[in-house]
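Engineer:
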Amino acid sequence: MLSSLRSLWSRTPETPGAATPRPPLATVISIEGLPPFVVADHLRDSGGFPSMDWEAVHAWACVGSDAEANRGWTACGRAWLEHLGAHLGDQYRVDEGDTARLLSSLTPNEARATLQFMEKTPQRIVRILDGIAEVAPWGKDALIVFDDAEVYYRYVSRGYPEQGEFGFSSGMHIREGCSYFVTMKAELAAIEPVIAHEMTHACLAHLPIPAWLNEGLAVNTERRLTARPRPAITPHQMHQMQMRFWNEHTIQTFWSGASFLRSDEGQTLSYELAATLVEQMARLWPQFQSFAREASLDDGGASAALRHFDLDLGAAVCALIERDPERAWSPDSTRWDVAPERGAFS
Numbered sequence: 369m370l371s372s373l374r375s376l377w378s379r380t381p382e383t384p385g386a387a388t389p390r391p392p393l394a395t396v397i398s399i400e401g402l403p404p405f406v407v408a409d410h411l412r413d414s415g416g417f418p419s420m421d422w423e424a425v426h427a428w429a430c431v432g433s434d435a436e437a438n439r440g441w442t443a444c445g446r447a448w449l450e451h452l453g454a455h456l457g458d459q460y461r462v463d464e465g466d467t468a469r470l471l472s473s474l475t476p477n478e479a480r481a482t483l484q485f486m487e488k489t490p491q492r493i494v495r496i497l498d499g500i501a502e503v504a505p506w507g508k509d510a511l512i513v514f515d516d517a518e519v520y521y522r523y524v525s526r527g528y529p530e531q532g533e534f535g536f537s538s539g540m541h542i543r544e545g546c547s548y549f550v551t552m553k554a555e556l557a558a559i560e561p562v563i564a565h566e567m568t569h570a571c572l573a574h575l576p577i578p579a580w581l582n583e584g585l586a587v588n589t590e591r592r593l594t595a596r597p598r599p600a601i602t603p604h605q606m607h608q609m610q611m612r613f614w615n616e617h618t619i620q621t622f623w624s625g626a627s628f629l630r631s632d633e634g635q636t637l638s639y640e641l642a643a644t645l646v647e648q649m650a651r652l653w654p655q656f657q658s659f660a661r662e663a664s665l666d667d668g669g670a671s672a673a674l675r676h677f678d679l680d681l682g683a684a685v686c687a688l689i690e691r692d693p694e695r696a697w698s699p700d701s702t703r704w705d706v707a708p709e710r711g712a713f714s
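Residues 369 to 714 (our numbering) are what the sequence shown spells out, left to right.
1) Identify which residue in R675, G584 and F622 has its Cα closest to the Cα of V706.
2) Please specify which runs of the beta strand (DSSP E), each continuous and at least 3 residues long, are wholly inside the stretch 488-572, giving them in chain order.
3) From what residue to what residue does the alpha helix (DSSP H) around L581 run?
4) Once you ignore the five residues that flank T395 on each side, which residues in its own chain have a CB closer than 8 angstroms to its CB?
5) Check for me: the beta strand (DSSP E) holding V462 runs from which residue to which?
6) How would you call A748, buried or exposed, if buried means at least 16 neighbouring beta carbons within 10 angstroms?
7) By alpha-carbon positions, which one of A600, V524, S638 and P693 ends up nearest to L585?
8) Evaluate E560 with the Cβ neighbour count: other Cβ atoms within 10 Å of its Cβ, from every protein chain shown; 16 or more gives buried, anything less gives exposed.
9) Quick one: measure Cβ to Cβ for W428 and L402, integer angstroms, because I've assumed they're closer than 8 angstroms.
10) Within 10 angstroms of its Cβ, does S624 collect 16 or more other Cβ (buried), or is it exposed?
11) Can you give the Cα-Cα distance for S631 and S537, rounded to whole angstroms?
12) Near L688, which residues of its chain fall below 8 angstroms by C-beta distance, leaving aside the five closest residues on each side in sequence?
13) Pair every Cβ in the stretch 507-525 with every Cβ in the stretch 596-605, then say whether three or more of these pairs are closer than 8 angstroms.
14) Counting only the same chain and skipping the five closest in sequence on each side, list residues whose C-beta sits under 8 angstroms from that of T589.
15) Would you identify the three-state DSSP class for A435, choosing helix, strand or coil?
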């Protein structure tokens, strides 16, 4: 599929005919069994972009049956994307499949290929992460492809603190009541890994797991589902970098999730360490299933690892980078400078 997507993106753009007029934006959503929902009353400005009040949507939709609630939630999701597309520019449109929708300026062929991959991926993730991952019961998966990096970073910056430096990203899973994914058009040569990675986060959203476990699962699932580019450095070089970077202080930022937001090599090393640790633990799949379902954000998964593996996570990391185990390397929330993160940054 990756090669077919790249082929589509490398073709000469389709010759446009007369511009298709943008359909009128939804103002009122009418679902049988539910009262009318006035869209404009529940749109908010969020960092200069229109955002839906998803708590209001949930309260409205839950008045009806499960089927009515699903239809209402799905309709509100499309209405919000259409309003966001109108804000972004005339080149943006919403394309839709049975289980996924896309807001972008991609050509029709590009959009179809992207939607096809989006619709196949969730069930593949659930098969790989059997007993851990779940597909959300309501709505459709949604992907926003921004035309350029400036707009993309302006959009995702709404979720970052006002102060500080943060690493680059190629895509992100955003939870704002509604769960959706964002990426940028400049990254379309790598769209499959981005979709697979971010959809894995969405399939783990029901679990309050720490960032290292969330990201480790996402990286390894992405690598199983998509073609992996040749790494820029060798495994030996990566191992040497890991040995130099991690110490009793930096490892606490790994357990808290803060290191995944770094703007230096620490971000890359965090993803690689998480992927390696998850890969090793997942070799004992029944124990790992139980561990992943019970790992707590608050202690970095430490108590669940002891319960299901009789494993000290600090000692496990020390073994991976060839050093003697030290108690100071174990997750210790009293040494975390920030509240723990769940992940979904990449």
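From the three backbone atoms N, C-alpha and C, an ideal C-beta is built for every residue, glycine too. Remember, it's a predicted structure, so these values are computed and weren't measured experimentally.
Structural biologist: Put simply:
1) Nearest C-alpha to V706 among R675, G584 and F622: F622.
2) As far as the stretch 488-572 is concerned, its whole beta strand (DSSP E) runs of at least 3 residues are 509-514, 539-544 and 546-552.
3) In the DSSP assignment, L581 falls within the alpha helix (DSSP H) that extends over A579 to L593.
4) These residues qualify, in order along the chain: V406, V407 and A408.
5) Note, V462: beta strand (DSSP E), R461 to E464.
6) Nothing about residue 748 can be read from this structure; the chain reaches only from 369 to 714.
7) In terms of Cα proximity to L585, the closest of A600, V524, S638 and P693 is S638.
8) By the Cβ neighbour-count rule, E560 is buried, with 16 or more other Cβ atoms within 10 Å of its own.
9) Contact flag correct, Cβ pair sits at about 7 angstroms.
10) Under this definition S624 is a buried residue.
11) In a straight line, the C-alpha of S631 is about 10 angstroms away from that of S537.
12) For L688, the CB contacts under 8 angstroms within the same chain, skipping 5 residues up- and downstream, are Q610, L641, T644, L645 and Q648 in chain order.
13) As far as the Cβ criterion goes, the stretch 507-525 does not touch the stretch 596-605, which means the pair count is below three.
14) So the qualifying residues of the chain are I493, I496, L497, A564, H565 and T568.
15) Here A435 sits in helix by DSSP.
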